[in-house]
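Presented below is the structure to which this report refers.
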Amino acid sequence: MKQTYRAMQVRSADALEMVERDIPAPGFGEVVLDVEACGVCGADAADIANADPSLPFPRVPGHEVVGRIRALGQGVPPLWKLGQRVGVGRLGGPCHACTECRKGLFQLCLNQPVVGSSCDGGYAEAMVARASGLVSIPAELDAEEAAPILCAGIATFNALKKCGAQAGDLVAIFGIGGLGHMAVQYARKMGFNVAAIGRGADIAEDAAALGAHTYIDTHVADPVDALKAMGGAQAIVSTVADNGATARLVGALAPGGRLTILAPGKDASALPTGLMVRGERSVAGSITGSPYENERALQFSVLAGIRPSIEIVPLAQANAALQRMKSGKAKFRVVLTMAR
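This is the structure in structure tokens:
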């Protein structure tokens with residue numbers, strides 16, 4: 046068995062370098078994975094550009110990881126076996142001891158690593174992972190298909206599950222990109238009346254193919270006016286990191302509706318609190334999810350025939366893959382494969 050592996054590690058704020066490393070031994074409660082695929086996410090670019098010098102460096106980014114268990118450390122539950130196909134998402138595994146974990150809110154555990162940021166991630170042929178963060182991957186999904194579901198998939202799936210809408214309600218998805226293209230598919234299969242909000246007529250065909258009943262082009266229509274004309278949305282999921290544009294959508298909610306934010310922007314923006322009070326409208330954030338919730342998203346994807354639209358790129362071309370993702374030209378996710 047090969048004792049070294051290739052990894053793309055952070056070299057500077059805008060570049061990665063290929064290195065050869067010795068395959069590590071797992072610590073207590075850890076496993077070593079032979080990585081098969083890793084999705085390229087917008088958060089990866091931020092991890093590279095804003096690498097925290099107080100954390101171990103150099104670092105390998107990537108947090109949509111699918112692979113097989115190569116080695117088991119002591120203390121790993123018997124649920125996990127050598128050769129088993131598993132995944133790891135953004136949240137690297139709860140501690141099971143803090144207050145939030147004791148409440149069962151494992152996704153809010155502050156004592157877990159952030160994969161690709163505070164610990165090495167999946168832009169590599171091997172990776173160490175906490176067993177508490179492992180996700181079982183259904184046999185029906187290819188590694189490249191499953192990888193984006195571990196972040197973009199679970200984030201949108203959970204946001205829609207918690208949005209308060211019921212089958213038949215009008216639900217709007219703001220932003221039809223890496224996150225939004227998954228959200229539209231999930232919303233349609235959950236039985237919602239789906240309105241997709243995007244920029245440009247070129248997205249209309251994609252939105253319809255993904256399952257949207259209505260497409261609102263912000264270049265030609267005000268989404269608030271359009272949704273209000275439809276009776277108001279019971280739920281809106283924003284995947285766009287534009288706080289001002291997102292806050293405006295509160296005005297498009299039906300009374301009792303909820304706006305869920307997945308991509309916080311940096312700009313400050315005041316919420317229309319009068320609209321929120323008068324109509325009992327609410328705004329909430331939503332993080333990705335626990336390993337169990339991730340498995341539910343994967344299972345639902347299999348049952349409902351939902352797949353991410355992906356472009357597959359070899360590991361050695363990770364820099365080009367990042368630029369492709371940042372350009373906004375990818376349809377809709379880029380995935381690194383470890384196959385040589």
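Sequence positions in the sequence shown follow this note's numbering and run 46 to 385.
Beta carbons are placed, not taken as given, at the ideal position from N, Cα and C, and that holds for glycine.
Considering only DSSP beta bridges, list what residue 238 is partnered with.
215
Could you please give the first and the last residue of the uninterrupted beta strand (DSSP E) stretch that includes residue 301?
Counting along the chain, the beta strand (DSSP E) containing residue 301 begins and ends at 298–306.
Check residue 373 in the structure and name its three-state DSSP category.
coil
I'd like the list of long-range same chain contacts for residue 352, defined as Cβ closer than 6 angstroms, with 5 residues on each side in sequence excluded.
190
Which residues in the same chain as residue 375 place their Cβ atom closer than 6 angstroms to its Cβ, once the five residues preceding and following it in sequence are excluded?
Only 356, 369 meet the Cβ criterion.
What are the partner residues of residue 84, as DSSP defines its beta bridges?
DSSP lists 380 as partners of residue 84.
Could you tell me whether the segment 180–187 touches the segment 139–152, where touching means 3 or more Cβ pairs closer than 8 angstroms?
no
Along the alpha helix (DSSP H) that carries residue 270, what are the first and last residues, could you check?
268–274
For the alpha helix (DSSP H) containing residue 322, name the first residue and the last one.
318–324
With distance defined between alpha-carbon atoms, name the residue in 134, 287, 327 nearest to residue 312.
287
What first and last residue would you give for the beta strand (DSSP E) that runs through residue 22?
For residue 22 there is no data in the structure shown, the boundaries of the chain being 46 and 385.
Just how far apart, CA to CA, sit residue 167 and residue 108?
6 angstroms
Under 8 angstroms: do the segment 73–80 and the segment 112–119 share three or more Cβ pairs, one atom per stretch?
yes
Within the same chain, show all residues whose beta-carbon is closer than 7 angstroms to that of residue 50, passing over the 5 residues directly before and after it, in chain order.
66, 68, 169, 170, 171
Starting from residue 356, trace the beta strand (DSSP E) both ways and give me its first and last residue.
355–359
Please give the ranges of any beta strand (DSSP E) in the segment 98–146, keeping only runs that are unbroken, at least 3 residues long and fully inside the region.
Within the segment 98–146, the complete beta strand (DSSP E) runs of at least 3 residues are 110–117, 130–133.
With distances taken from CA atoms, which of 93, 377, 136, 188 is nearest residue 130?
Residue 130 has its Cα closest to that of 188, out of 93, 377, 136, 188.
Tell me the DSSP bridge mates of residue 50?
66
Please state the DSSP three-state secondary structure of residue 281.
strand
Could you tell me the distance, in whole angstroms, from the CA atom of residue 209 to the CA atom of residue 303?
Taking the straight line from one Cα to the other gives about 7 angstroms.
Relative to the C-alpha of residue 322, which residue among 342, 255, 309, 301 is closest?
301
Under the rule that 16 or more other beta-carbon atoms within 10 Å means buried, what is residue 244, buried or exposed?
By the beta-carbon neighbour count (other beta carbons within 10 angstroms, threshold 16), residue 244 is exposed.
If you compare alpha carbons, which of 133, 318, 338 is closest to residue 388?
In the structure as shown, the chain begins at 46 and stops at 385. Residue 388 is therefore absent and cannot be evaluated.
How is the alpha helix (DSSP H) around residue 290 delimited, first residue to last?
288–293
Is the separation between the beta-carbon of residue 363 and that of residue 53 shorter than 8 angstroms?
yes
How many angstroms separate the CA atom of residue 308 from the CA atom of residue 151?
20 angstroms
From the DSSP output, read off the bridge partner residues of residue 75.
Answer is 175, bridged to residue 75.
Kindly give me the distance between the Cβ atoms of residue 216 and residue 238, rounded to whole angstroms, as I take these residues to be in contact under 8 angstroms.
With a Cβ gap of about 7 angstroms, residue 216 and residue 238 count as contacting.
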